[in-house]
Structure formats: C-alpha cells, structure tokens
Amino acid sequence: MEQTTPLYPPAAPRPIRWEALAVFGAAALALTLHTLASVAPPSHWMAILGGRAPDAVQGLVFTQVALPRIAASLLAGGVLGMAGLLFQQALRNPLADPATIGVSSGAYLALAAASLYAPTLLEWSTEAVALTGGVMACALVMAAAHRSQFSTIHVILAGLVVSLFCGAAASALTLLNHENIGSLFVWQTGSLAQNGWQKVWRLLPQCAALAVCTGLLARPLSMLNLADAQAASLGLHVSRMRAAAIALGVGFSAAAVAWVGVIGFIGLMAPHLARLWGARTLAQRIWAAPLLGALLLWSTDQLVQNLGRSADAIPTGSICALLGAPVLLWLLFRQRSGPGRLPTTDTLPLPGRSVLLQRRLRARTVLWLCLLACAASLAAALGIGRDAHGWTGFADTGLATLMNWRLPRVAAAAIAGAMLATAGTLLQRLTGNPLASPEVLGVSSGAALGVVATLLFTSDIGAPGMLAAAGAGSLATLAAVVALNWRTDFSPERVLLAGVALATLFSACAAFLLASGGPRAAALLTWMSGSTYRATSAGILPSLGILALGCASALAARRWLAILPLGAESARALGVDVFRARLYFLVIIAVLTAGATLLVGPLSFVGLLAPHIMRGLGLRQPRAAMAGAVLGGATIMILADWAGRIAVFPWQIPAGLAAMLAGCPAFLWFLWRSK
Amino acid sequence: MMVRRRFCLGMAGQLAMMLAGAAHAAPAAGQRVACTDWAAAETLALLGNMPIAVPELQVYRQWLPDPALPAGTVDLGARSEPNLEVLSALAPDLIYISSWQAGMLPIFRRIAPVNVVKLFDARDDPYAAMLELLLRAGRASGRSALARRRLAEFDALLDQLRSKITAAGIHRPVYVAILHENGAQAYVYGRGSWVDTIIGKLGLRNAWTAPSTFYGNSLVGLPALASEKDAAILYLDQGARTQRALRSLRDSTLWRGLPAVANGRAVMIPAFFALGGAPSAARCARLLAAAMTGGGMAGATG
Chain G
0 MEQTTPLYPP AAPRPIRWEA LAVFGAAALA LTLHTLASVA PPSHWMAILG
50 GRAPDAVQGL VFTQVALPRI AASLLAGGVL GMAGLLFQQA LRNPLADPAT
100 IGVSSGAYLA LAAASLYAPT LLEWSTEAVA LTGGVMACAL VMAAAHRSQF
150 STIHVILAGL VVSLFCGAAA SALTLLNHEN IGSLFVWQTG SLAQNGWQKV
200 WRLLPQCAAL AVCTGLLARP LSMLNLADAQ AASLGLHVSR MRAAAIALGV
250 GFSAAAVAWV GVIGFIGLMA PHLARLWGAR TLAQRIWAAP LLGALLLWST
300 DQLVQNLGRS ADAIPTGSIC ALLGAPVLLW LLFRQRSGPG RLPTTDTLPL
350 PGRSVLLQRR LRARTVLWLC LLACAASLAA ALGIGRDAHG WTGFADTGLA
400 TLMNWRLPRV AAAAIAGAML ATAGTLLQRL TGNPLASPEV LGVSSGAALG
450 VVATLLFTSD IGAPGMLAAA GAGSLATLAA VVALNWRTDF SPERVLLAGV
500 ALATLFSACA AFLLASGGPR AAALLTWMSG STYRATSAGI LPSLGILALG
550 CASALAARRW LAILPLGAES ARALGVDVFR ARLYFLVIIA VLTAGATLLV
600 GPLSFVGLLA PHIMRGLGLR QPRAAMAGAV LGGATIMILA DWAGRIAVFP
650 WQIPAGLAAM LAGCPAFLWF LWRSK
Chain X
0 MMVRRRFCLG MAGQLAMMLA GAAHAAPAAG QRVACTDWAA AETLALLGNM
50 PIAVPELQVY RQWLPDPALP AGTVDLGARS EPNLEVLSAL APDLIYISSW
100 QAGMLPIFRR IAPVNVVKLF DARDDPYAAM LELLLRAGRA SGRSALARRR
150 LAEFDALLDQ LRSKITAAGI HRPVYVAILH ENGAQAYVYG RGSWVDTIIG
200 KLGLRNAWTA PSTFYGNSLV GLPALASEKD AAILYLDQGA RTQRALRSLR
250 DSTLWRGLPA VANGRAVMIP AFFALGGAPS AARCARLLAA AMTGGGMAGA
300 TG
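In order, the protein sequence lines correspond to chains G and X. If you read the first sequence in numbering that gives the first Met the number 0, its first letter stands for residue 0, the second for the next number, and so on. If you read the second sequence in numbering that gives the first Met the number 0, its first letter stands for residue 0, the second for the next number, and so on.
Below, the structure is given as structure tokens:
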C-alpha cells in the first residue's frame, strides 16, 4: 500500500465554487419544472399540493409519481455518491464505486436468484437479500485483492470478473427460466419509476442510520489518506477501519440496488466532481460527494424523462452507464502517474519451477500430454451424448447426427478456444502481465456491441448480417484502442483499463436491450452467452484459416515475443521497435478475438485460462507456449460445449457461459495468488 | 460388453420410437410435424394434427392449455435454441419455425421442409396473420375444410361474445395489461397486437391507443392506465410474477388512487399467450368477455 499512487494528484488549494453548484442545480431545476409542467400546468400546482386538484388523475400523477421520483433520484444519488466516496477512501482507489468493485452485480444476482427460488425471502426483506449478495461479492473481490494490498488494478480487475461472473450466473438462470426473462432484468437496469411515497419513507431511515455511522467514522476515515504505517503510528487500526468503511459502503449500495436497481457511475463520478468542485478534505467531501451524487442522478433522470414519450422504456441506469463510460475512460487517462503497478505473478518469462507439476517435464512430453487430452475430449464430445431415452455412445449415434450436428459445434468450439488461447498468450506476453486476456482487451465486447446495436434497430438479421456487424464492431474497437493509446506506446495498463471501460459500456447496452424482452432478446442472450448452436460445417475451414494465419504471423515474430515481456526499456535496448511490435501483435490479437467472438460470443475466459495453465505446466518458450495454448484452449472449449449440451438435456447451456462459470473463479484464484 | 448392451438398447429404443411414430401418424392421417413456434403448434393441434415436438413443453402446457398436446410429445428444449439432435432424430415431415428464427432457416432445412410463421411483420396486422396461419396450416396438412370450419367457429364465437357484452350494456374502454414486478410499470397491449383487434371485435374499445413496439405492447408507467377514467384494467395472472407485482402495489398510493382500481374495475384474468394462434386468441376473447360481463363494468359511456 505504501507505494501506491496518491489518491488524487495534489491540487493547489482553491475555494469551493458555489456558483458552479448553483448553475448545475438551476439546470436540474429547469428540467424538473419542464417535466412537472408536462404533468400538470403550473397554474394547477398550488391547488394540487393543497389537495384540491381540479383533475384527480393529474393530481395523482403529480403527487404520487413525479414528486416521489424526484425524491427517489435525490436520495439514491446521494446514497451512491456516499458509497463511492467510502470505497474510494477505504481502498485509496480513484476508480472504485459500487459497480466497479462488483457489489451492485452481487446484489443483483442475489435478488434474481431469490425471485426465482425463494420469493418469500423477497417478501421478508428485499434489502437483506441484496445486502447478502453485495457482501458476498465484495468479500470475494477483497479476498482476491488482499495479497496485493488492494492495488487499484487488482481491485478493478477482480471487481470486473465478479461482475461478469454474477452476470453469467444470472444469464444461466434466465436461459433456464425463459418466461421470467423480463422480470429478471428489473434490477439490472436501474429504473427510478415510483408508485408512491412508501419506498422513500422506507429507505430514508435506513440511509439516515448509515449516514450517522459514516459521520461518526469521518475522523478516523480521513486518516486513511496517510500511509498505513503512519496511520497505525497515530493509533489507527488500519485494516479494521478499512473493513468498517467498506461495510458501510456495501450497506449503502445494497440499499440502492434493492430499491432502484443497478445504477452505475454515479458513485464513481460524484467523489471526483466533489474534488473538482473544490472539496479537498474528507470532512468536506463527506457531504459534498452525496450532494453532487444526488444532483447528478436527479438531473440525469430529469433528462431521461424529457427525452420523449417513449421515455418510460429507457431505464435511467442505462443512460447513466452510457454517460459514465466515457467519464471512466477520461478518469483513466488523466491520471498522471498511471493506475498503479500491474500485478505480476511468479515472474513471467523466466524459465523456472512449474506450478502445477511437482517435477518439471520436458516441453515435448507436456505437448504430447496436451495433444492426448485434446484427442480424448474430442472423442468424448463427439461420441457421448444424450437422447430422449438416456445416454448414447458412438455405437448408437448415427453418422448423420455426428457429421451434421456434433462435428460443426465441436469444431467451432475447438477453433474458438484455440484462437482465444493464442490471443491470450500473445496479449500476456505483450503486456508482460499474466492477468491480461483478450476478453479484457475489449475487442470481444466491441464485436458483441456491434451485433447488439444492429439488433436494436433491425428486427431480424441473418448470419451474414451478424458477421458484418460483429466485424465492424471489433474493428471500431480496435481503432479506438489504437487511437487512445497512440501516444503512450500502447502501455499495457492503459490498454487493459480501456478494455474494462468498454466491457462496462457493453454490459449496459446489452442489459438495456435484454430488458426490452421478447423472444428476440432470448436469442441475443444465447448468442452473447457464447453458443456454438449456429455453427455449420461450411464455417469450419474459413475459421481454421484465420487461426492458422494468426498463429503463423505470431510465430514469424517470435523473437519479439521472447523479448517484449522483459519490458519496454529492455526491449529497446535489444533493438526492438517497441511501438511497431506492439501494434503488430495488437492487430493479430484483435483479428483472432473477433473471429472467436463470432463463434462463441464475447464472454468466455479461455483466453486467460489456457495460457495460464500452460505456464503452470512449465511451457515458457514462445513456440511451445503457443502450441500448448492452442491445444489447451481447444480442449477447454470442447469440454465446455460438451458439458453444456448434455448437462440439462434437451436444453443447452452455451459453451461460452459454461467456460465462463469455470473461468471466473479460476481468474480470481490467479489474482489471489499474485502479489 | 457395455458397448454392445448400449447398442442393443439404442436399437430397441429407435425401433420403439419408429413404432410409436407410426402408431401416432396413423390416426392423424397427416404429416408428422414439429413446431419450434408455439402459435403454429396450437393451430395445428386445433386442426387435430398434433405436433410431435415443441420447445419448452412444460411452459407450453401451462400457458397454452387448450387443445392439450398428447402425453408423448417430445420436448425440444429452449425456444431460442431448439435441440437439433433431438429434432433430426425425430425425422419430421415438416417443421414450423417462428419468423425471428429465420436466421436459422438453412439449419432447419437440412432436417425437413420448413414453414416460417410470421405473425408480426411490417403490415402490423397480426390478427389477419393469425387467421391466415390457420388456413395455411389447414392447407399444408390437407385439412383445408376443417380449417375453414374452425375459422367460422372462431368468428361465431366472437359474434356471440360481442352480443353478450352489448346485451349487458357495456361499452367501457379497456386496458389489457401485464403488471411489471417493479410495481411502477405495466406492459399494455396496443396496436400491432391481435389483442387490440379482439377488443374491437368484442364491441369494446382499447383504451391504449399510443404506438407500441414490434410485438404490439408497450412498457408504460402506471399513471398511463389512468388517462381514460372510465376504463377497466384487465391484468393477466402470470403466477408468481403477478403476485410479486401485486405485493409491491398493495401499499402503493398511486395504484389505489387509479380510478379503475378505486372503483373496483381492475380485474385479474387468467393468462393467455399473446403471441399465439387462433386457440390463444379465442381464449383471450373468452377471458376478456367473462371479465367484462362479470359485474361492476356496466354503466359507462365508452
């Protein structure tokens, strides 16, 4: 913790800018008056408030919908701002907020699961269910980041993975409970629509209690600005204080999720706005952050309501995410000293002990074993299946079934796995960071975003349309990544964090589309979850070609691959044009990732897992590592696809989802091991 | 040994399936048809040509109970991804798929000829499309005469229900809705759904006239259900989901203040499948008529 970057770049003291607040508030007020005027003409307002509404319905809408919604947005915004401040202060992490550290999605998953399997729990207390989920997610993230002493990037990556895992688990629940699809997404896209004052009155005392606790902790909390040793020497029990602050933050976040659903970015932006506004000490920020959070959510929500007649269908949470993702990017890139040191496990490029094996095997032996495993999984996936009567083997499976239905799926899964594993190997060597994966680069998110955007505006695109949309999406993302990183030599940290922002933006858009419901949303959901369902035998050869091309061009530059993990300075000293080398591999990675995304969707974690396992098995040289990753990635995806086909027959769990449900915990484990 | 035993079992199973298929096909005297589209499945069932396989069988039986599918019907798994191995093993003569599955058309074509069911299209008249589906299914299964008879029966049913409602002196506009479980919103059926057409055919007026989405419904805030003060609100009972919504609405001052609720004209009706075919439409008409003539609805000027 001692070496981490200061929470904020030291700023020259400046006075609090009240006039900025006044302008902001006036804008929100003007929007609000406009909204209210569309409910009832201003001349009626006094009568309505006095209980003498000339029109009963108008009065009802005014007093029971419009006014409580204003109160709700103010209260929820304040709660989120406070939660963000607590997380940022406790973790000394400028990027922490309820969404980025996984608390919101944990609470959401708990609510979704409870609404399916234990509805009585929700009747008893929605907040308690959300709190349980939030606490569990937060505990996971903190456990994974604990050994790194809560470094910024550890916490953010762990939070992203926990969010993705909760999303995947909720998707699996949704796929198997198709009829509840719309309702499961109630909490995912925060909506501030109100039906009276009762919820405001219910939340108010909870928040007041939490706020009082926070106020009592304000003094010791401010000491967390100091280095741990310094704070301890002043008599502060640092870890206990940190835990208390995080617990309060989780309490605030859970209350907000249970009430209005997942609303991202308010908690992230409010403390930063408070800082920009001139609040420097914690004593100032502890009231400024909630205040600005309230203002922010209030004005956003009023903006949403003024968007037009269909505004009811646009959840405020989605808009917040759309507005917030660029802000997250901006925050990332304005940090002068970078987002902290990247986590490094047992130093990457050096040939050394193998983690998974007691005795180091020769690379050739390991590769033969990988090949054997791949062949075995292939045989199992092709041969063993289920039909209406039970289990079937090779003998009682018709050749037509094998060739027409199983082979294309198995091939697609294998090729996609190999592509992602290759991309992952390249990315990890490129960044010198064992936690990098193509999913984190954002290109798979970009490809998926292309498809989602297309589906938003058209009703029915065929396979070629899907292909074009995904290709355009991944290319655009690649261009964005290149543009954003042009001046920093593709510094690994920035590439990774830009990917995080893109992934967040993507999940917001996807959640919005899924909340609109209908069978189309279900089809999109299965594709996004990484289904090999639509694979055809005609598609095998082209994708195999892309894979071969990618591997060949990567191997052609394997000298760079061996040198780049040593770091930019060493590489330059050895005569490598770092910028060009990075760009070269980035293009290969993007092409491979886009190809794989089309086959199995954006959310498998094979690109992370396979290279890691290969390193664990002791494969370090570029050529051996790539060969091993190809075999390992193929094996994992074949097994995931197979498990997905037979586990809940005749239903099918998409291969990407199955791989992810296994991959996320593995990622957290790697994260936990790294220092 | 194991392999041989499994092989024998498999053969026996396939033989049994062939026999069952033959036995099934004989009385129906029609094709063996698989449906990944529910509207087609229930339309064919109405014509006595029972589909041999539908997706999500359990939910189907719950939502489209009439006419009931026979006990031997095969479950195809999810509607978004019907199990192709199961489907091809059944070797149907014809497959009906939904228009939103058209992207998978080449895949289904490899198993059997395919009919695409398109209830929702640019024409925006799913009611006509739903009746066309009835006639088309009749032609495809060689039962055109029966299909025309069923169509006549459907029209007669609507006429009969309409005269019953008129006789009771009910002209009230009506909202047909599904309560959202956030307790603040509802899906309302409007133009572009056959529910809207049926409301008209019953001699009533749909109180929701604003444009709606592709599937003919809109997600609106509850106050939208107050814009017609004399209207009735009929909301579908979708089991646990509706119970959760009602629980949230119990304390809602807004809900209790809606004119329809305050005057006891908000009625829960059994669920129907609004993307379905003629049987679902008939069920919808019967449910709406029963709710409107059930008392408390008379005495408004529509």
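By construction, the Cβ of each residue, glycine as well, lies at the ideal position given by its N, Cα and C atoms.
Within a 10 Å sphere around the beta-carbon of residue 116 of chain G sit fewer than 16 other beta-carbons, which makes this residue exposed. Residue state for residue 217 of chain X is assigned as strand, using DSSP reduced to three classes. At a cut-off of 8 angstroms between beta carbons, residue 252 of chain X contacts chain G.
When Cβ-Cβ separations below 8 angstroms define contact, residue 75 of chain X makes contact with chain G. In this structure, the straight-line span from the alpha carbon of residue 394 of chain G to that of residue 633 of chain G is close to 25 angstroms. Pairing residue 140 of chain G with residue 24 of chain G, the inter-Cα distance amounts to about 36 angstroms. Fully enclosed alpha helix (DSSP H) runs of no fewer than 4 residues occupy 406-430, 437-440, 442-456, 462-484 of the region 398-484 of chain G, in order along the chain. The beta carbon of residue 256 of chain X falls within 8 angstroms of a beta carbon belonging to chain G, placing the residue at that interface.
Note that the region 65-78 of chain G does not touch the region 236-245 of chain G; fewer than 3 beta-carbon pairs, one per stretch, sit closer than 8 angstroms.
Among the residues of the region 176-198 of chain X, those with a Cβ less than 7 angstroms away from any Cβ of chain G are 180, 181, 182, 183, 184, in the order of the chain.
Around the Cβ of residue 233 of chain G, a 10 Å sphere holds fewer than 16 other Cβ atoms; the residue is exposed. Apart from sequence neighbours up to five positions away, the residues of its chain that approach residue 253 of chain G with a beta-carbon distance below 6 angstroms are 106, 129, 130, 133, ordered along the chain.
Sequence-distant Cβ neighbours of residue 82 of chain X in its own chain, meaning closer than 7 angstroms and more than five residues away, are 75, 76.
Fewer than three Cβ pairs drawn from the region 48-61 of chain X and the region 99-113 of chain X lie within less than 8 angstroms of each other, which leaves the two stretches out of contact.
Residue 668 of chain G and residue 628 of chain G have their C-alpha atoms roughly 19 angstroms apart. Chain-ordered, the chain X residues with CB closer than 7 angstroms to the CB of residue 532 of chain G read 80. Two segments are said to touch when three or more pairs of C-beta atoms, one from each, lie closer than 8 angstroms; by this definition the region 317-329 of chain G does not touch the region 34-54 of chain G.
For residue 116 of chain G, the uninterrupted alpha helix (DSSP H) run begins and ends at 102-116, by DSSP.
Taking 7 angstroms as the upper bound on Cβ-Cβ separation, chain G lies near residues 256, 258 of the region 255-280 of chain X. Setting aside the 5 residues that flank it on each side, residue 391 of chain G is surrounded in the same chain by 384, each with a C-beta closer than 6 angstroms to its C-beta; the list follows chain order. By the neighbour-count definition (other C-beta atoms within 10 Å, threshold 16), residue 152 of chain X is an exposed residue. Around the Cβ of residue 239 of chain G, a 10 Å sphere holds fewer than 16 other Cβ atoms; the residue is exposed. One thing to note: residue 650 of chain G has its Cβ no nearer than 8 angstroms to the Cβ of residue 142 of chain G.
With 16 or more other Cβ atoms inside 10 Å of its own Cβ, residue 438 of chain G counts as buried.
Between residue 423 of chain G and residue 606 of chain G, the C-beta gap is smaller than 8 angstroms, which places the two residues in contact. The DSSP-derived three-state label of residue 274 of chain G is helix. The beta-carbon separation of residue 126 of chain X and residue 193 of chain X, rounded to 4 angstroms, stays under the 8 angstroms limit for a contact. Within the same chain, and ignoring the five residues on either side of residue 97 of chain G in sequence, the residues whose Cβ sits closer than 6 angstroms to its Cβ are 82, 103, 252, 266.
By the Cβ-count criterion, residue 162 of chain G is buried, with 16 or more other Cβ atoms from all chains shown falling within 10 Å of its own Cβ.
Taking residue 630 of chain G as reference, the option from G:413, G:389, G:408 with the minimal CA-CA separation is G:413.
The beta-carbon separation of residue 158 of chain G and residue 101 of chain G, rounded to 4 angstroms, stays under the 8 angstroms limit for a contact.
For the region 101-112 of chain X, the residues whose beta carbon sits under 9 angstroms from a beta carbon of chain G are, in order, 101, 102, 103, 104, 105, 106, 109, 110. Between residue 387 of chain G and chain X, the shortest Cβ-Cβ separation is below 8 angstroms.
In the structure shown, residue 651 of chain G falls within a coil segment according to DSSP collapsed to helix, strand and coil.
Taking a Cβ-Cβ cut-off of 9 angstroms, the neighbours of residue 122 of chain G in chain X comprise 243, 246, given in sequence order. The beta carbon of residue 651 of chain G sits closer than 8 angstroms to some beta carbon of chain X.
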